[in-house]
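Take any residue in the sequence shown, count from 1 to its spot, add 174: that is its number in my numbering. All C-beta atoms, glycine included, are put in the ideal place defined by N, C-alpha and C.
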Amino acid sequence: MIKTITAAPVERDSHGFWTHPDYFVPANGNEFGVEGEFDAWKALNRVVGTLDWMECEENAEELQAAYDAGDCDLSMWQPKPPAGDGWFMASIHDTEDGAVCYWLRPIECDPKALAVHFDNCYAEAFKTEHLVSERDSALNACTLIAEALGITGAVAGETIARVQQLVGENAALTDKAASELSNAWLLHRTMMGAQAALFCVTQGNLGQAREWLEGTTDEAQLEIPDGMYVNGLQRWFDENMTGLITHAQAVEIIKAEMSATTQALNEIKAQGVDEWIASRNGRWNGTTKEAEKFAASLRGEQNA
């Protein structure tokens, strides 16, 4: 069972800093978490969070003066928990933008967060149940076919195991296919919005062009950093276009992830070649020999 973060005694150091011993730590020794990593950590720990800034306190000027005079001393700041039940301090520290205090509380104390959690759990449970049902249906069908053909013992077990592997591969790829369809829709939306914006520019309507572009990028998961200049856009663009693959490369990646499916399809092709060779009734020539080699290569046989 995963240990989740809960309230702990706050023991601030001589400068008023403190971090919960079970608080979020970026993966791979990174100084900062990647996009979505902190949210995933909160979901795993079943908590929601909120941030308080020292500069937003009523006596912010007094606190800032004490902070500056005391060599970054936050001891004078005694932040109060947000309104509502269950809040506990997770960290009080300094940042480039000022001193902050981060609070957490269990999702059970937040009706909206709890409702979202239940929805996600239901979706995952439904997905799992659907995949199990798909697998069981395929295995049952395979068992019935094996019985009808009189296939028993190790051969039947091997056949069923192969079907189970095929089902597993294709079930996993179904999610990826759905993701690609979603991305294709987003790409289409982006291209349409960009064309509309360009048309507005040609008509001299920069206000409408801006609205089209903002509407096009409102679902973007990547934003231009603060302080960016126009001459830095190309570098930012190039750095974030890494990982681009062609259609052919994508096909090869998918094939590598569905080895059992590819093997099954190749076996069907090889059997078709075998039937053609058999239809030759022993009449061998160069073409027949090449066909035999091709069938062997489809099966991945050595020295094919």
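Hey, out of ALA217, GLU441 and ASP213, whose CA is closest to ALA124's CA? No answer is possible for residue 124: the residues shown for the chain start at 175 and end at 478.
Does the beta-carbon of MET366 have 16 or more other beta-carbons within 10 angstroms, so that it is buried, or is it exposed? As a first step, residue 366 must be located in the sequence shown, where it is residue number 192. Classification for MET366: exposed.
With 16 as the cutoff for other CB atoms within 10 Å, does PRO183 come out buried or exposed? As a working mapping, residue 183 is identified with position 9 in the sequence shown. With fewer than 16 other Cβ atoms within 10 Å, it is exposed.
So what does PRO280 bridge to, in DSSP terms? As a first step, residue 280 is located in the sequence shown; it is residue number 106 there, counting from the start. DSSP, once it has assigned bridges, lists VAL221 as partnering PRO280.
Does the region 213-220 come close enough to the region 264-276 that 3 or more CB-CB pairs lie under 8 Å? At 8 Å Cβ cutoff, the stretches do not touch.
My assumption, with CB atoms under 8 Å, is that MET228 sits in contact with ALA240. Please give the rounded CB distance. Within the sequence shown, the letter at position 54 stands for residue 228. Within the sequence shown, the letter at position 66 stands for residue 240. Actually they are not in contact, since the Cβ atoms of MET228 and ALA240 sit about 10 Å apart, beyond 8 Å.
From which residue to which residue does the beta strand (DSSP E) around ALA234 run? Residue mapping note: residue 234 aligns to position 60 of the sequence shown, counting from 1. Where ALA234 is concerned, there is no enclosing beta strand (DSSP E), although the alpha helix (DSSP H) it sits in stretches over 234-243.
Could you check the C-alpha separation between ALA201 and TRP215 for me, to the nearest Å? Within the sequence shown, residue 201 is the residue found at index 27, counting from 1. Within the sequence shown, residue 215 is the residue found at index 41, counting from 1. ALA201 and TRP215: Cα-Cα distance of roughly 11 Å.
What are the boundary residues of the alpha helix (DSSP H) that PHE262 is part of? The residue given as residue 262 occupies position 88 in the sequence shown. Boundaries for PHE262: no alpha helix (DSSP H) harbours it, while the beta strand (DSSP E) harbouring it runs 262-269, taken from the DSSP string.
Cβ pair ALA264, TYR197 closer than 9 Å: Reading the sequence shown from its first residue, position 90 is the one you call residue 264. Reading the sequence shown from its first residue, position 23 is the one you call residue 197. ALA264 is a Cβ neighbour of TYR197, given a cutoff of 9 Å.
In this structure, how does DSSP classify THR193 when only helix, strand and coil are distinguished? Position 19 of the sequence shown, counted from the first residue, corresponds to residue 193. Strand, per DSSP.
Would you tell me roughly how many angstroms separate the C-alpha atoms of ARG186 and ASP400, rounded to the nearest one? Counted from its first residue, the sequence shown places residue 186 at position 12. Counted from its first residue, the sequence shown places residue 400 at position 226. The straight-line gap from Cα to Cα measures roughly 32 Å.
Return the first residue and the last residue of the alpha helix (DSSP H) that GLU413 is part of. Locating residue 413 in the sequence shown gives position 239, where the first residue counts as 1. That run of the alpha helix (DSSP H) goes 407-413.
GLY260 and CYS275 closer than 9 Å at C-beta: Counted from its first residue, the sequence shown places residue 260 at position 86. Counted from its first residue, the sequence shown places residue 275 at position 101. It is not a contact, given that the beta carbons lie outside the stated cut-off.
Straight-line Cα distance separating ASN455 from ALA478: On the sequence shown, position 304 is the one that residue 478 refers to. On the sequence shown, position 281 is the one that residue 455 refers to. Model confidence at ALA478 stands at a pLDDT of 48, short of 50, so the residue's coordinates are unreliable and nothing is read from them.
Give every residue of the same chain whose Cβ lies closer than 8 Å to the Cβ of PHE191, excluding the five residues on either side of it in the sequence, and list them in chain order. Taking the sequence shown and counting its residues from 1, the one referred to as residue 191 is at position 17. So the qualifying residues of the chain are LEU248, ILE266, HIS267 and ASP268.
Can you give me the Cβ contacts of ILE398 inside the same chain, cut-off strictly under 8 Å, excluding the 5 residues immediately before and after it? If you number the sequence shown from 1, residue 398 lands on position 224. Listed in chain order, the non-local C-beta contacts of ILE398 below 8 Å within the same chain comprise LEU407 and TRP410, local neighbours out to five positions each way being set aside.
Against chain B, does GLU441 count as a neighbour if the rule is that its beta carbon must be under 9 Å from one of theirs? The displayed structure is made up of one protein chain only, and chain B is not part of it.
To the nearest angstrom, report how far apart GLY378 and ALA371 are at their CA atoms. Residue 378 sits at position 204 when you count from the first residue of the sequence shown. Residue 371 sits at position 197 when you count from the first residue of the sequence shown. Straight-line Cα distance between these residues: approximately 11 Å.
With a Cβ-Cβ cutoff of 9 Å, do HIS189 and ILE179 count as a contact? Here residue 189 corresponds to residue number 15 of the sequence shown, with the count starting at 1. Here residue 179 corresponds to residue number 5 of the sequence shown, with the count starting at 1. No; because the gap between Cβ atoms is not below 9 Å, this pair is not in contact.
Backbone secondary structure at GLY258 - three-state DSSP: Against the sequence shown, residue 258 aligns to sequence position 84. Coil, per DSSP.
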